[in-house]
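Below is one structure, written out as structure tokens; the observations come after it.
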Amino acid sequence: MGCRERRSVSGALRNYAAGGSSAGEASLLSALLAGQAAPGTWPSVLLVNGDKFECRFSNATGREQVRLLYRYIYDRTEIARFDSALGRYEALTVLGEPAAEYWNSQEEVLAVKRREVDSFCRYNYEKIYGVSSSTTIQRPQSFCPGVTISPTKDDPLSPRTLLLCTAASFYPREIEVHWLKNGRLATEGVFYGEELHNGDWTYQTQVMLEDTPQRGDIYACQVEHASLETPITMQWEPRTSGSARSKVWMGVVGALLGMVYLAVGLSLYLRSRKGKGELEGH
Numbered sequence: 005m006g007c008r009e010r011r012s013v014s015g016a017l018r019n020y021a022a023g024g025s026s027a028g029e030a031s032l033l034s035a036l037l038a039g040q041a042a043p044g045t046w047p048s049v050l051l052v053n054g055d056k057f058e059c060r061f062s063n064a065t066g067r068e069q070v071r072l073l074y075r076y077i078y079d080r081t082e083i084a085r086f087d088s089a090l091g092r093y094e095a096l097t098v099l100g101e102p103a104a105e106y107w108n109s110q111e112e113v114l115a116v117k118r119r120e121v122d123s124f125c126r127y128n129y130e131k132i133y134g135v136s137s138s139t140t141i142q143r144p145q146s147f148c149p150g151v152t153i154s155p156t157k158d159d160p161l162s163p164r165t166l167l168l169c170t171a172a173s174f175y176p177r178e179i180e181v182h183w184l185k186n187g188r189l190a191t192e193g194v195f196y197g198e199e200l201h202n203g204d205w206t207y208q209t210q211v212m213l214e215d216t217p218q219r220g221d222i223y224a225c226q227v228e229h230a231s232l233e234t235p236i237t238m239q240w241e242p243r244t245s246g247s248a249r250s251k252v253w254m255g256v257v258g259a260l261l262g263m264v265y266l267a268v269g270l271s272l273y274l275r276s277r278k279g280k281g282e283l284e285g286h
């Protein structure tokens, strides 16, 4: 189908270590926050602290821009961050104001963080996708969608079935997903979802069909996308459940037994009538 294999940038980005600067900043953050407690004392509660790198690639202006966010977490709350779009630190809570003010006064710290847009974000993207590192990030040409069908029932007692067709991990965003019933386009009971961004370059979407399958019906989800030379068509056929098959066989056996009993009863009746006639003849 001419699909390009998708590779994820998130794994490599998570494994990146920022070097000495992040360790020093984390120590500084702890020292600044320690000043919030009473002198000579430590907080009596367990706090979850950390920091997080985040690279954002966007095409909002027609040129793929890169934005670095370096988040500082204290007690599960983001209190400060470095934003490459601003070129400085900003406090998100009152607790983060002393740290942001101090870091913004250190030109060397700011210079290191500004360079990490290239040394971290663009560098890792180039390593994973094999594209040239430049002032803008080039998008991949296309990723083909993976297609799955998931049948389910909203009400176990209802004969109606919900068929969910999922197209995942495709790029670019534009895609056509249709349901076919016995080779014809289904228009009733079809519900379309939005194209959702996966957090990298790729998207996913779902289209649901609500119908009452009959024996012999054939359903198909057809997907058309720029990455495909021909559309993907995945079929689904209703299957008779084990309990339904048991009921069918029980009905067949019951009918056969009924016919046997009827034949035996009719034979006995005819024999009794014949014997009675012979006795009356004598």
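Mapping to my numbering: the sequence shown position 254 is 258, numbers consecutive.
Yeah, the Cβ is synthetic: ideal placement off N, Cα and C, and Gly gets one too.
Specify, as a first and last residue, the run of the alpha helix (DSSP H) that L114 falls within. Taken as a continuous stretch (DSSP letters only), the alpha helix (DSSP H) holding L114 covers 111-120.
Work out the CA separation of F86 and Y106 for me, nearest whole Å. Across the structure, Y106 and F86 are spaced so that their CA atoms are roughly 12 Å apart.
Roughly how many angstroms lie between the CA atoms of C169 and V121, to the nearest whole one? C169 and V121 have their alpha carbons spaced roughly 38 Å apart.
Stretch pair the region 217-236 + the region 192-202: three plus CB contacts closer than 8 Å: The region 217-236, when compared against the region 192-202, does not touch it at the 8 Å Cβ threshold.
The beta strand (DSSP E) enclosing P155, as first and last residue numbers: Boundaries of the beta strand (DSSP E) around P155: 150-156.
Contact check, F147 vs S173 under 8 Å by CB: the rounded distance? The beta carbons of F147 and S173 sit about 6 Å from each other, so the pair counts as a contact at 8 Å.
Enumerate in chain order the residues of its own chain whose CB-to-CB distance from E241 is below 6 Å, with the five nearest sequence positions on each side excluded. The residues are I222.
N-terminal and C-terminal residue of the beta strand (DSSP E) that A104 is part of: A104 -> not in any beta strand (DSSP E); alpha helix (DSSP H) instead, spanning 101-108.
Does DSSP classify E130 as helix, strand or coil? If DSSP states are grouped into helix, strand and coil, E130 belongs with the helices.
Distance check for A95 and I77, CA to CA, integer angstroms please. C-alpha separation (whole angstroms): 12 Å.
Whole angstroms is fine: what's the gap from T165's alpha carbon to V227's? The straight-line gap from Cα to Cα measures roughly 21 Å.
Beta-carbon gap between I153 and M212 smaller than 8 Å: No Cβ-Cβ contact shorter than 8 Å links I153 with M212.
Would the beta-carbon of F124 fall within 8 Å of that of L167? The answer is no: Cβ separation not under 8 Å.
Give, in chain order, every unbroken run of the beta strand (DSSP E) that is at least 3 residues long and sits entirely within the region 171-203. Listed in chain order, the beta strand (DSSP E) elements of length 3 or more contained wholly in the region 171-203 are 179-185, 194-196.
Starting from D215, follow the beta strand (DSSP E) in both directions and report where the run begins and ends. Boundaries of the beta strand (DSSP E) around D215: 207-215.
Spatial neighbours of S25 in its chain, beta-carbon cut-off 7 Å, leaving aside the 5 residues before and after: The predicted model places S25 with a pLDDT of 44, which falls under 50 and marks its position as unreliable, so this point remains unresolved.
Alpha-carbon spacing of N108 relative to I132, whole angstroms: Those two C-alpha atoms are separated by around 32 Å.
For E130, which of P155, F61, E233 has the nearest alpha-carbon? E130 has its Cα closest to that of F61, out of P155, F61, E233.
According to DSSP, which residues form a beta bridge with R85? For R85, the beta-bridge partners assigned by DSSP are R75, E94.
Buried or exposed (CB count within 10 angstroms, at least 16 for buried), T97: Under the 10 Å beta carbon count, T97 is surrounded by fewer than 16 other beta carbons and is classified as exposed.
When you compare the CB positions of G197 and Q210, do they come within less than 8 Å of one another, or not? G197 is a Cβ neighbour of Q210, given a cutoff of 8 Å.
I'd like the list of long-range same chain contacts for P235, defined as Cβ closer than 7 Å, with 5 residues on each side in sequence excluded. So the qualifying residues of the chain are Q226, V227, E228.
From this set, T81, L232, N186, which residue's C-alpha is nearest D55's C-alpha? Selected option, being the one with the closest Cα: T81.
For A267, count the other beta carbons within 10 Å of its own beta carbon; 16 or more makes it buried, fewer makes it exposed. Which is it? Taking every protein chain shown into account, the CB of A267 has fewer than 16 other CB atoms within 10 angstroms, so this residue is exposed.
If you drop the 5 nearest sequence neighbours on each side, which residues of the same chain put their C-beta closer than 8 Å to that of S137? Unreliable placement is indicated for S137, whose pLDDT of 46 sits below 50; the coordinate value is still reported in the next sentence. Same-chain partners within the cutoff: D122, R126, Y127, Y129, E130.
Simplified DSSP assignment, three categories, for A224: Reduced to three states, the DSSP call for A224 is strand.
Using a Cβ-Cβ cut-off of 6 Å (strictly less than) and excluding sequence neighbours within five positions of E58, which residues of its own chain qualify? Taking C-beta separations shorter than 6 Å and ignoring five residues to either side along the sequence, the partners of E58 in its chain run L73, following chain order.
Per-residue burial, D79 [other beta carbons within 10 Å of its own, 16 or more giving buried]: Of the other Cβ atoms in all chains shown, fewer than 16 fall within 10 Å of the Cβ of D79; this residue is therefore exposed.
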